[in-house]
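Notes follow once the structure below has been shown.
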Amino acid sequence: MPAVVIVGAQWGDEGKGKATDILGSRVDYVVKFNGGNNAGHTVVIGDQKYALHLLPSGILSPGCVPVIGNGVVVDLKVLFEEIDGLEERGIDTSRLVISANAHVIADYNRTMDKVAERFLGSRKIGTTGRGIGPTYADKMNRLGIRVQDLFDEKILRQKVEGALELKNQVLTKIYNRRAVEVDEIVEELLSYVDRLAPMVADTPLLLHEALTEGKTVLLEAGQATLLDVDHGTYPFVTSSSATTGGACTGSGIAPTEITRVIGIVKAYATRVGEGPFPTELFDEDGDGARLRKNGAEFGTTTGRPRRCGWYDAPIARYAARINGVTDFVLTKLDVLTGWDQIPVCVAYDVDGERVDEMPMTQTGFHHAKPIYEYFPGWSEDISGARSFEDLPKTAQEYVLALEKISGARISTIGVGPDREQSIERHALL
Ligand code: GDP
Ligand code: IMO
Ligand code: MG
0 MPAVVIVGAQ
10 WGDEGKGKAT
20 DILGSRVDYV
30 VKFNGGNNAG
40 HTVVIGDQKY
50 ALHLLPSGIL
60 SPGCVPVIGN
70 GVVVDLKVLF
80 EEIDGLEERG
90 IDTSRLVISA
100 NAHVIADYNR
110 TMDKVAERFL
120 GSRKIGTTGR
130 GIGPTYADKM
140 NRLGIRVQDL
150 FDEKILRQKV
160 EGALELKNQV
170 LTKIYNRRAV
180 EVDEIVEELL
190 SYVDRLAPMV
200 ADTPLLLHEA
210 LTEGKTVLLE
220 AGQATLLDVD
230 HGTYPFVTSS
240 SATTGGACTG
250 SGIAPTEITR
260 VIGIVKAYAT
270 RVGEGPFPTE
280 LFDEDGDGAR
290 LRKNGAEFGT
300 TTGRPRRCGW
310 YDAPIARYAA
320 RINGVTDFVL
330 TKLDVLTGWD
340 QIPVCVAYDV
350 DGERVDEMPM
360 TQTGFHHAKP
370 IYEYFPGWSE
380 DISGARSFED
390 LPKTAQEYVL
400 ALEKISGARI
410 STIGVGPDRE
420 QSIERHALL
């Protein structure tokens with residue numbers, strides 16, 4: 000005991016990596032439970048900057064065991080490239096454990112992701128092109144390849160044949176592409192086996208035993224609540240469960256073990272890819288561009304400029320509800336320095352009617368126009384603030400106003416990318 004969950008409360012890139020890194024030194028295990036290398040977490044430690052995609056952010060904390068849970072989809076080429084990249088920089092990755100039940104992203108899943116997006120045209124999702132959706136689709140269709148399947152060549156071949164039977168028909172007859180050779184796929188996957196084998200374990204058992212021994216386990220989400228396949232802005236979502244429920248299914252840890260849920264929320268909002276975003280700012284050289292520039296809002300994974308907008312309280316409340324958030328970490332408050340006043344969306348106007356919570360339907364959310372309240376800004380540099388009292392009065396008031404309308408207390412405030420640039424109001428662990 001205990002298990003603690005970190006989830007994104009908006010559309011991703013809230014700063015989950017930094018929050019996980021801060022807590023890394025206080026926990027025994029860090030488990031990534033969903034997604035794959037669609038994630039991009041930037042962690043800044045002094046003059047070193049790390050971009051993590053597939054590995055749990057806990058890999059940077061020497062005292063904890065990083066775990067890739069069963070809910071993750073693993074691109075093995077990316078896994079070993081990421082491990083090699085960290086090892087070259089002196090990071091010890093030897094503690095990494097990978098679930099035998101995690102699914103593998105095969106080359107044909109990446110192909111399917113890209114051709115499907117092209118085929119959708121204007122209806123595209125704007126995926127990261129990493130094969131995430133097709134791999135989870137295979138999992139649900141019971142056509143997936145799991146890590147454990149790589150250890151029996153006969154079984155692996157049978158499964159790859161099964162996965163390709165229909166896909167090759169679709170690739171050749173609908174998408175006009177060449178068929179994928181079973182041998183090529185099997186050969187590539189088998190080439191990883193020797194290196195992979197020592198890392199693989201029964202991770203639900205391992206984590207259960209750790210909790211029984213009184214160890215602390217941190218469950219780290221990729222993506223975020225509004226990108227969750229059930230609770231997000233479907234269909235403009237990722238294909239995994241990025242919320243607290245997913246932390247249980249994606250790790251094998253029971254809900255009754257979870258004692259705290261930390262929601263990471265930015266002091267404004269961003270989104271990458273397509274889909275509705277009520278507070279989005281479209282002006283080319285106005286507030287949206289200024290948020291993007293001040294917040295360096297460019298994707299860690301694809302380099303795409305992130306769409307930027309003001310803080311959306313109904314969404315934060317929704318995330319608090321869906322995840323059972325006990326504490327928020329409010330990140331990037333420093334980015335708002337320099338505005339005379341800061342708009343905060345407190346409700347929506349949906350077709351002429353005031354709606355205080357996330358609308359029930361997709362159409363309702365597409366029609367939602369933000370109703371703003373305006374809060375006075377501040378001009379002082381806050382990046383050196385280390386206590387709440389160090390913040391200018393108006394910045395304090397902004398935080399307290401968000402706390403009042405967001406559904407949980409704000410326990411930590413981020414005032415810069417470095418792990419030291421945080422204000423801890425209430426201990427997170
Ligand atoms: P994640 O996907 O949720 O881990 O977030 P990303 O790493 O994709 O994006 C968050 C970005 O904001 C990263 O570049 C972080 O280094 C940076 N960051 C995190 N917290 C803060 C903060 O409080 N202030 C500033 N200025 N940057 C931050
Ligand atoms: P982190 O963990 C922001 C978005 C993509 C796209 C949609 C589906 O860094 O917060 P996918 O490739 O997953 O099928 O794409 O989800 N997306 C993210 N946006 N942060 C992420 O991860 C994301 N992972 C996926 O841009 O709109
Ligand atoms: Mg990110």
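In terms of numbering that gives the first Met the number 0, the sequence shown is residues 0 to 428.
We put the CB at the ideal spot given by N, CA and C, even for glycine.
Cβ pair residue i, residue j closer than 8 Å
i	j	result
S378	T336	yes
V73	I90	no
A101	A200	no
A319	G244	no
L142	G161	yes
Y107	I154	no
R424	I404	no
V192	V159	no
Q9	A223	yes
G7	A312	no
G57	F32	no
G132	D112	yes
W309	V343	yes
I381	L217	no
Proximity test, residue i beta-carbon vs the ligand MG heavy atom, cut-off 7 Å
i	result
A223	no
T301	no
A38	yes
Contact test: residue i Cβ vs the ligand IMO heavy atom, cutoff 7 Å
i	result
E273	yes
G11	yes
T127	yes
L226	yes
K113	no
T124	Checking the sequence shown, residue 124 turns out to be Ile, not Thr. Yes, the beta carbon of I124 sits closer than 7 Å to at least one heavy atom of the ligand IMO.
Exposure label - residue i; buried when at least 16 CB within 10 Å
i	result
V169	exposed
G274	buried
E81	buried
Y373	exposed
Y267	buried
R122	exposed
R145	buried
G23	buried
Y233	exposed
A253	exposed
S190	exposed
E86	exposed
heavy atom of the ligand GDP below 7 Å from residue i C-beta
i	result
G294	yes
V43	yes
Q395	no
G245	no
P416	yes
V334	yes
Q420	yes
Presumed contact (8 Å Cβ cut-off) between residue i and residue j, rounded CB distance
i	j	result
T127	T278	Rounded, the Cβ-Cβ distance is 23 Å, inconsistent with contact.
T215	V3	7 Å
G294	V334	4 Å
A384	I422	6 Å
L149	L188	6 Å
A246	V324	Between V324 and A246 the Cβ distance is about 12 Å, and since that is not below 8 Å, they are no contact.
D350	G376	That belief does not hold up - the Cβ atoms of D350 and G376 are roughly 32 Å apart, past 8 Å.
Near the ligand NAD: residue i beta-carbon under 7 Å from a heavy atom
i	result
K48	The ligand NAD is not among the ligands present in this structure, which contains only the ligand GDP, the ligand IMO and the ligand MG.
Touch check for the region 306–323 and the region 225–244: three-plus C-beta pairs under 8 Å?
-> yes
Should the region 14–29 be regarded as contacting the region 209–227, the criterion being three or more beta carbon pairs within less than 8 Å?
-> yes
Between the region 414–422 and the region 42–60, do at least 3 Cβ pairs fall closer than 8 Å?
-> yes
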